[in-house]
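K.L.:
Quick note: the sequence shown uses our numbering, first residue 1, plus one each step. A virtual CB, placed ideally from N, CA and C, is assigned to each residue, including glycine.
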Amino acid sequence: MTSSSSTGPVLVTGGAGFIGSRLARRLLILGFKVRVLDTLSPQVHGPVPHGIEWLAAEPVEFLRGSVTCRTDWERALEGVGYVAHLAAETGTGQSMYEVARYNEVNSQGTALLFDVLAQQRRRSVRRIVLTSSRSVYGEGRYRCRRCGFDPIYPSARGAEQLSAHKWEPQCSECSDALIAMPTREVDAARPASIYAATKYAQEELVRIGSESLGIGYTIFRLQNVYGEGQSLKNPYTGILSIFSTKVRRGLELPLFEDGEETRDFVHVDDVVEALTLGLTSAKCADTVINVGSGVATSVRAVSLALSAAFGREPKLRVTGQYRVGDIRHNVADITRLRDLLGFLPRVSLADGLARFASWVNTQPLPLDLLDRANQELQARNLMGG
């Protein structure tokens, strides 16, 4: 890919969001024309959209519209050379009771993209990059120390197991707790939530649609992305943004399960670099690539580190609560990211949290909406403990 006008602009769907806005500005710096399609969802940006002033300040073409609308897609795709498809509804818990909305935006919105592309007589799109999620793996890859089985792909933890506070996935042969391993792109996909199912559907639509139309593609399975610019208003996703509000208000941080569940936290700048390489590399990957730090961090540990980044004494409370559809552990094997794109994440968790906390302290203090979000889950028997 070159910055020549002959390639057409880069379309970034969800380009006013957390990752999309940083990607759009990165592409502008590199000399590309950028077109943004975004709904400016109140759940993300607030009732009065906030944090989008850059859209007027930068030479970006902004279209307010939805990926669920054919005419919006037709308008957005006109003359475009490359598509970074980031627009999606996110939130594991919320997806379990707003099933149709998640399916419409994520699955059907992506299907509509390829429907429009297939109808075009003169197709200008040459490459598509999709942001998917590590959630498509479900519990991911494990091994059993006693039986020697490796890999094992355990099923989602059921309500009976969770209500007994047996948090770790268990071996079906010996019932021992399994050992979590870094998950590879070739490992089995076993979505455990509606959100994960819609992301996996997106992946298959992009893979099959791109191959049938002769379009290059790269699918990025993102781990837990955090950093400056993250929505502080959305109580359904982003544990660090949710907890940052509680820290600033001097409230306890409620740790689900026993607080020892692990996540792979990756800074948004590293994610944007990977996406940029996916768009600009001379040879298109035409495959799935994990994007994470490759380091597993417990929720307890990251909560302590976050409190320290704000200069506050930690106030942690292990609740024993659980959400249907949550996974226990996740950490990415990022070998393919290194081998295909020549890139490894550069921002350490300590540095990233310091930067995040410094930025958060410049923002208006939002309402703490986590309890309300949890009540919605409890009312539908999707949360226990």
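According to DSSP, which residues form a beta bridge with valine 34?
P.N.:
Val10
K.L.:
Mind checking which residues open and close the beta strand (DSSP E) that includes asparagine 224?
P.N.:
224-226
K.L.:
Among the candidates Cys171, Ala305 and Asn330, whose CA atom is the shortest distance from the CA of proline 314?
P.N.:
Ala305
K.L.:
Would you call the stretch 255-267 and the stretch 159-169 touching, i.e. three or more CB-CB distances under 8 angstroms?
P.N.:
Touching, yes, given that three or more Cβ pairs across the two stretches are closer than 8 angstroms.
K.L.:
Within the continuous beta strand (DSSP E) that includes asparagine 290, where are the two ends?
P.N.:
Its beta strand (DSSP E) spans residues 287-291.
K.L.:
In the structure shown, what three-state DSSP assignment does tyrosine 387 receive?
P.N.:
A question about residue 387 goes unanswered here, because the residues of the chain that appear run from 1 up to 385.
K.L.:
Taking only runs of the beta strand (DSSP E) that begin and end inside the stretch 111-145, which ones reach a length of at least 3 residues, in chain order?
P.N.:
127-133
K.L.:
Between which two residues does the alpha helix (DSSP H) carrying glutamate 61 extend?
P.N.:
Element bounds for glutamate 61: not the alpha helix (DSSP H) but the beta strand (DSSP E), 61-64.
K.L.:
Considering only DSSP beta bridges, list what tyrosine 217 is partnered with.
P.N.:
Ile128
K.L.:
Taking one C-beta from the stretch 287-296 and one from the stretch 325-342 each time, how about it: are there three or more such pairs within less than 8 angstroms?
P.N.:
yes
K.L.:
Is the stretch 187-201 touching the stretch 128-138 in the sense that three or more CB pairs, one from each, lie closer than 8 angstroms?
P.N.:
yes
K.L.:
For serine 307, would you say it is in contact with chain D, using Cβ-to-Cβ distances shorter than 7 angstroms as the test?
P.N.:
The chain labelled as chain D is not found in the depicted structure, where only one protein chain is given.
K.L.:
Is it buried or exposed, proline 364, if we count other Cβ atoms within 10 angstroms and call 16 or more buried?
P.N.:
exposed
K.L.:
Quick check on DSSP: helix, strand or coil for phenylalanine 310?
P.N.:
coil
K.L.:
Methionine 96 and arginine 143 look like a contact to me (Cβ under 8 angstroms); what is the Cβ gap, rounded to whole Å?
P.N.:
Not really, about 29 angstroms apart at Cβ, beyond 8 angstroms.
K.L.:
Work out the CA separation of leucine 382 and leucine 113 for me, nearest whole Å.
P.N.:
32 angstroms
K.L.:
With threonine 218 and glycine 278 assumed to form a contact (beta carbons below 8 angstroms), what rounded beta-carbon distance in angstroms separates them?
P.N.:
4 angstroms
K.L.:
Starting from the C-beta of aspartate 72, find all residues in its chain whose C-beta is less than 8 angstroms away, skip the five residues before and the five after it, and write them out in chain order.
P.N.:
Excluding residues within five positions, the ones whose Cβ falls inside 8 angstroms are Leu37, Leu63, Gly65 and Ser66.
K.L.:
Please go through the same chain and pick out, in chain order, the residues whose beta-carbon is closer than 7 angstroms to the beta-carbon of alanine 24, but skip the five residues on each side of it.
P.N.:
Val12, Gly15, Val34, Val36 and Val60
K.L.:
Going by other Cβ atoms of all chains shown within 10 Å of its Cβ, with 16 needed for buried, is glutamate 273 buried or exposed?
P.N.:
buried
K.L.:
Report the residue ranges of all alpha helix (DSSP H) runs contained in full by the stretch 154-179; include only those spanning at least 4 residues, in chain order.
P.N.:
159-163
K.L.:
Rounded to the nearest angstrom, what separates aspartate 351 and glycine 320 at their Cα positions?
P.N.:
30 angstroms
K.L.:
Do you know offhand how far glutamate 58's Cα is from leucine 27's?
P.N.:
11 angstroms
K.L.:
For the alpha helix (DSSP H) holding tyrosine 102, just list the boundary residues, first then last.
P.N.:
99-102
K.L.:
For the alpha helix (DSSP H) containing alanine 274, list its first residue and its last residue.
P.N.:
Start and end: 268-280.
K.L.:
Using the C-alpha atoms, what's the distance from leucine 117 back to arginine 123?
P.N.:
7 angstroms
K.L.:
Using the C-alpha atoms, what's the distance from glycine 31 back to serine 4?
P.N.:
In this predicted model, serine 4 has a pLDDT of only 41, less than 50, meaning its place in the structure is not dependable; the value taken from the coordinates is given anyway. C-alpha separation (whole angstroms): 8 angstroms.
K.L.:
With DSSP as the reference, label isoleucine 52 as helix, strand or coil.
P.N.:
coil
K.L.:
According to DSSP, is histidine 329 part of a helix, a strand, or is it coil?
P.N.:
coil
K.L.:
Taking the alpha-carbon positions, what's the alanine 285 to threonine 237 distance?
P.N.:
29 angstroms
K.L.:
Output needed for tyrosine 200: all residues of its chain with C-beta closer than 7 angstroms, excluding positions within five of it in sequence on either side, in chain order.
P.N.:
Val136, Ala189 and Pro191
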